[in-house]
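Encoded as structure tokens, the structure appears first; notes follow it.
Protein chains: 4
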Amino acid sequence: MSNNTPENRPAVDLEELKDRVSRAPLHRFLQLKVLELEAGRARLLLPFRTEILANETYIHGGVIATLIDVTGDWAVATLGGQPVPTVDMRVDYLRVARNGEDLTAVGEVIRQGKNLAVADVAVYNPHGQLVAIGRALYRTG
Amino acid sequence: MSNNTPENRPAVDLEELKDRVSRAPLHRFLQLKVLELEAGRARLLLPFRTEILANETYIHGGVIATLIDVTGDWAVATLGGQPVPTVDMRVDYLRVARNGEDLTAVGEVIRQGKNLAVADVAVYNPHGQLVAIGRALYRTG
Amino acid sequence: MSNNTPENRPAVDLEELKDRVSRAPLHRFLQLKVLELEAGRARLLLPFRTEILANETYIHGGVIATLIDVTGDWAVATLGGQPVPTVDMRVDYLRVARNGEDLTAVGEVIRQGKNLAVADVAVYNPHGQLVAIGRALYRTG
Amino acid sequence: MSNNTPENRPAVDLEELKDRVSRAPLHRFLQLKVLELEAGRARLLLPFRTEILANETYIHGGVIATLIDVTGDWAVATLGGQPVPTVDMRVDYLRVARNGEDLTAVGEVIRQGKNLAVADVAVYNPHGQLVAIGRALYRTG
Numbered sequence: 045m046s047n048n049t050p051e052n053r054p055a056v057d058l059e060e061l062k063d064r065v066s067r068a069p070l071h072r073f074l075q076l077k078v079l080e081l082e083a084g085r086a087r088l089l090l091p092f093r094t095e096i097l098a099n100e101t102y103i104h105g106g107v108i109a110t111l112i113d114v115t116g117d118w119a120v121a122t123l124g125g126q127p128v129p130t131v132d133m134r135v136d137y138l139r140v141a142r143n144g145e146d147l148t149a150v151g152e153v154i155r156q157g158k159n160l161a162v163a164d165v166a167v168y169n170p171h172g173q174l175v176a177i178g179r180a181l182y183r184t185g
Numbered sequence: 045m046s047n048n049t050p051e052n053r054p055a056v057d058l059e060e061l062k063d064r065v066s067r068a069p070l071h072r073f074l075q076l077k078v079l080e081l082e083a084g085r086a087r088l089l090l091p092f093r094t095e096i097l098a099n100e101t102y103i104h105g106g107v108i109a110t111l112i113d114v115t116g117d118w119a120v121a122t123l124g125g126q127p128v129p130t131v132d133m134r135v136d137y138l139r140v141a142r143n144g145e146d147l148t149a150v151g152e153v154i155r156q157g158k159n160l161a162v163a164d165v166a167v168y169n170p171h172g173q174l175v176a177i178g179r180a181l182y183r184t185g
Numbered sequence: 045m046s047n048n049t050p051e052n053r054p055a056v057d058l059e060e061l062k063d064r065v066s067r068a069p070l071h072r073f074l075q076l077k078v079l080e081l082e083a084g085r086a087r088l089l090l091p092f093r094t095e096i097l098a099n100e101t102y103i104h105g106g107v108i109a110t111l112i113d114v115t116g117d118w119a120v121a122t123l124g125g126q127p128v129p130t131v132d133m134r135v136d137y138l139r140v141a142r143n144g145e146d147l148t149a150v151g152e153v154i155r156q157g158k159n160l161a162v163a164d165v166a167v168y169n170p171h172g173q174l175v176a177i178g179r180a181l182y183r184t185g
Numbered sequence: 045m046s047n048n049t050p051e052n053r054p055a056v057d058l059e060e061l062k063d064r065v066s067r068a069p070l071h072r073f074l075q076l077k078v079l080e081l082e083a084g085r086a087r088l089l090l091p092f093r094t095e096i097l098a099n100e101t102y103i104h105g106g107v108i109a110t111l112i113d114v115t116g117d118w119a120v121a122t123l124g125g126q127p128v129p130t131v132d133m134r135v136d137y138l139r140v141a142r143n144g145e146d147l148t149a150v151g152e153v154i155r156q157g158k159n160l161a162v163a164d165v166a167v168y169n170p171h172g173q174l175v176a177i178g179r180a181l182y183r184t185g
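Residue numbers (this note's numbering), protein chains in the order written: chain R, 45 to 185; chain F, 45 to 185; chain P, 45 to 185; chain E, 45 to 185.
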């Protein structure tokens with residue numbers, strides 16, 4: 045749904061972008077991994093570790109918000125080549141994420157403009173159920 | 045601005061609530077500290093540590109979203125006695141938070157209903173400048 | 045993506061629901077029309093009239109927000125039988141809606157719970173381009 | 045809380061801006077009136093009329109969203125001199141607005157940047173109770 049045709053889009057090295065996710069200290073702590081990148085779309089993995097729990101039962105919502113922010117950012121980065129600053133974000137929590145669950149997030153660019161981009165992100169538990177959805181605005185120029 | 049008058053509000057042990065913040069594994073990692081609690085209001089500290097950086101220069105927006113979520117939750121908890129699940133949240137990033145900066149968040153309950161509560165949170169850098177604002181909805185019943 | 049299986053869902057008279065949209069005085073002013081209803085999904089039409097303009101060129105964003113609110117509500121109503129109160133809503137404006145354009149909105153229930161439902165809405169211009177997207181939370185119980 | 049000091053801000057004709065609100069056809073239908081303008085702040089009135097009802101009892105949430113959008117916009121316009129496009133908006137409905145109630149909205153600029161501005165808006169009923177709050181992002185450059 046992007047406006048950017050291949051012609052006016054910069055060449056983006058998706059492999060290099062994939063590797064970059066772990067350069068952020070916070071991403072390293074979270075062990076975030078980019079599973080897939082294609083134009084306008086990113087799929088990330090947040091492997092479970094006990095440090096991300098809110099209590100003995102649930103994964104912390106702040107970690108899910110972080111996963112959404114990063115996944116949307118990486119989806120936008122597939123078009124512009126760089127992660128970009130988040131302007132604002134909405135997160136809706138739909139189902140608790142439980143102790144031990146690896147989470148997968150899929151982000152898609154809804155609108156890519158010269159200055160701003162909007163991305164939607166869906167977070168799934170290992171049963172393929174929606175845990176949370178997010179919508180974020182990024183500054184692209 | 046709460047609807048809960050002292051009469052219909054449960055007695056809440058603010059000191060106990062203050063200590064509880066560090067029971068969550070994620071809060072322990074973040075070294076979150078409750079500075080102040082009063083009815084409908086919470087003030088929290090996120091001390092800087094290198095693991096929360098997005099890059100060499102900036103603190104990660106996901107950590108700021110986490111701080112907002114928790115601060116709003118603790119503000120709501122001052123009225124009901126317990127942290128409660130977040131339903132949804134909006135975060136607006138207003139100014140970058142820099143490497144080395146301790147962040148302070150102030151949360152206020154805007155509306156406390158039987159089933160739902162809304163809280164506003166403002167995050168400040170050590171110069172007293174607004175870094176981000178958040179608004180979150182919590183399920184109280 | 046709803047949790048409500050046909051078994052636990054009340055029988056809903058979709059034809060009656062379709063007609064009800066014009067009972068609201070504001071909907072009558074806007075000449076809102078329900079084009080299609082099915083379980084968890086609604087499609088509405090906002091026909092152009094000059095009174096909804098913000099200036100000579102553009103349709104007012106407040107009218108688009110209204111269309112989003114109502115379309116999400118009607119999508120939720122297909123499952124519960126009744127329009128329900130909106131708790132909160134996010135609207136992202138993606139492209140201006142121009143003088144003379146009829147707008148179509150498609151709403152889908154993302155999560156239907158006992159007490160709360162989340163719906164996503166997309167608004168299109170007559171060229172099939174996205175004008176705005178919205179996400180709203182409704183109180184279902 | 046604006047960053048714009050009087051020195052770098054354009055001279056804005058607040059009286060002219062006040063009158064402009066009724067030039068929009070939708071504002072004329074809603075009989076919107078600007079009560080007060082000062083740098084970074086606007087106060088608007090939405091007088092009751094039956095056409096804004098959702099049913100016999102309540103004012104329509106879409107009209108309240110419109111009031112929020114316009115009030116935030118006018119608050120931003122006090123700094124830049126012009127109403128500007130809305131990028132996105134969140135509305136939280138806190139209390140129903142009843143048949144017959146005139147609504148007053150107060151908007152404040154939280155952050156005014158070169159390209160983007162954030163405004164907060166609170167909507168009150170004639171008893172001074174909060175009906176809704178909104179937060180919107182505007183494109184200023």
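Where a beta carbon is used, it is the ideal one built from N, C-alpha and C, also for glycine.
Count the other CB atoms, across all protein chains shown, that sit within 10 Å of the CB of E:Thr94; report buried if there are 16 or more and exposed otherwise.
exposed
Could you tell me whether the region 69-77 of chain P touches the region 62-70 of chain E, using the rule of 3 or more Cβ pairs below 8 Å?
no
What residues in its chain sit with their C-beta under 6 Å from that of E:Val140, if we drop five residues either side in the sequence?
Tyr102
Could you list the residues in the region 101-123 of chain E with a C-beta less than 8 Å from some C-beta on chain P, going in chain order?
His104, Gly105, Gly106, Val107, Ala109, Thr110, Leu111, Asp113 and Val114
Could you tell me which whole beta strand (DSSP E) segments of length 3 or greater appear in the region 80-132 of chain E?
85-90
Is any beta-carbon of chain E found at less than 9 Å from that of F:Pro50?
Reliability of the predicted coordinates at F:Pro50 is poor, the pLDDT of 49 falling under 50, and the value obtained from them is presented with this limitation in mind. No, because no Cβ of chain E sits closer than 9 Å to the Cβ of F:Pro50.
Which residues in chain P sit within 9 Å of F:Val65, going by Cβ to Cβ distance?
Ordered by position in chain P, no residue passes the 9 Å Cβ test against F:Val65, which lies about 26 Å from the chain.
What are the boundary residues of the beta strand (DSSP E) that E:Asp164 is part of?
Leu160 to Tyr168
Apart from the five residues just before and just after E:Gly124, which ones in its own chain have a Cβ nearer than 6 Å to its Cβ?
Thr184
Over what stretch of residues does the alpha helix (DSSP H) that includes F:Leu61 continue unbroken?
Leu58 to Arg64 is the extent of the alpha helix (DSSP H) around F:Leu61.
Indicate whether at least one CB of chain R lies closer than 9 Å to the CB of F:Glu60.
no
Under the three-state reduction of DSSP, which class applies to P:Arg142: helix, strand or coil?
strand
Mind checking F:Pro170: buried by the 16 CB within 10 Å criterion, or exposed?
exposed
Given 8 Å as the limit, is there contact between the region 173-181 of chain E and the region 103-116 of chain E, that is, 3 or more CB pairs closer than that?
yes
Please confirm whether F:Trp118 and F:Ala86 have their CB atoms less than 9 Å apart.
A distance below 9 Å separates the beta carbons of F:Trp118 and F:Ala86.
Cβ of E:Asp132 within 9 Å of any chain P Cβ
yes
Anything in chain R within Cβ reach of E:Leu160, meaning under 7 Å, just list it in chain order.
Val131
Between which two residues does the beta strand (DSSP E) harbouring E:Arg67 extend?
Looking at the DSSP string, E:Arg67 is not in any beta strand (DSSP E), and its letter there is neither H nor E.
Assuming F:Val153 and F:Ala163 form a contact by the criterion Cβ under 8 Å, report the distance between their Cβ atoms to the nearest whole angstrom.
Right, their Cβ atoms sit about 5 Å apart.
Taking Cβ to Cβ, would you say E:Tyr182 is nearer than 9 Å to E:Val131?
yes
Per-residue burial, E:Asp136 [other beta carbons within 10 Å of its own, 16 or more giving buried]:
buried
Less than 6 Å between C-beta atoms, sequence neighbours within five positions excluded: which residues of the same chain meet that for F:Gly144?
Phe92
Could you pull out every residue in the same chain whose Cβ sits closer than 6 Å to the Cβ of E:Ala83, ignoring the five residues on either side in sequence?
Thr122
Quick check: F:Val65 and F:Leu58, are their CB atoms within less than 9 Å of each other?
no
Option nearest P:Asn159 by Cα separation, candidates P:Gly172, P:Val120 and P:Ala55
P:Val120
Helix, strand or coil: how does DSSP classify P:Leu76 here?
coil
Check whether the Cβ of P:Arg85 lies closer than 9 Å to any Cβ atom in chain R.
At least 9 Å separates the CB of P:Arg85 from every CB of chain R.
Give me the residue from F:Val107, F:Thr148 and F:Glu80 with the minimum Cα distance to F:Leu174.
Comparing Cα positions, the closest option is F:Thr148.
Proximal residues of chain F, C-beta to C-beta of E:Leu138 below 8 Å
Ile154, Arg155 and Val162
When you compare each of R:Met133, R:Arg142 and R:Pro127 to R:Val56 by their alpha carbons, which one comes out closest?
R:Pro127
Which same chain residues, not among the five before or five after E:Arg155, have their C-beta less than 6 Å away from its C-beta?
Val162
Using the rule of at least 16 other Cβ atoms within 10 Å of the residue's Cβ for burial, across every protein chain shown, is R:Leu20 buried or exposed?
Summary: the structure shown does not reach residue 20 of chain R, with chain R confined to residues 45 through 185, and so no result is reported for it.
Among P:Asp146, P:Gly116 and P:Arg142, nearest to P:Arg134 - alpha-carbon criterion
For P:Arg134, the nearest C-alpha among the options comes from P:Gly116.
To the nearest angstrom, how far is the alpha carbon of P:His104 from that of P:Ala98?
4 Å
In the DSSP assignment, the beta strand (DSSP E) including F:Thr184 goes from what residue to what residue?
Annotation: F:Thr184 is outside any beta strand (DSSP E) and is labelled neither H nor E by DSSP.
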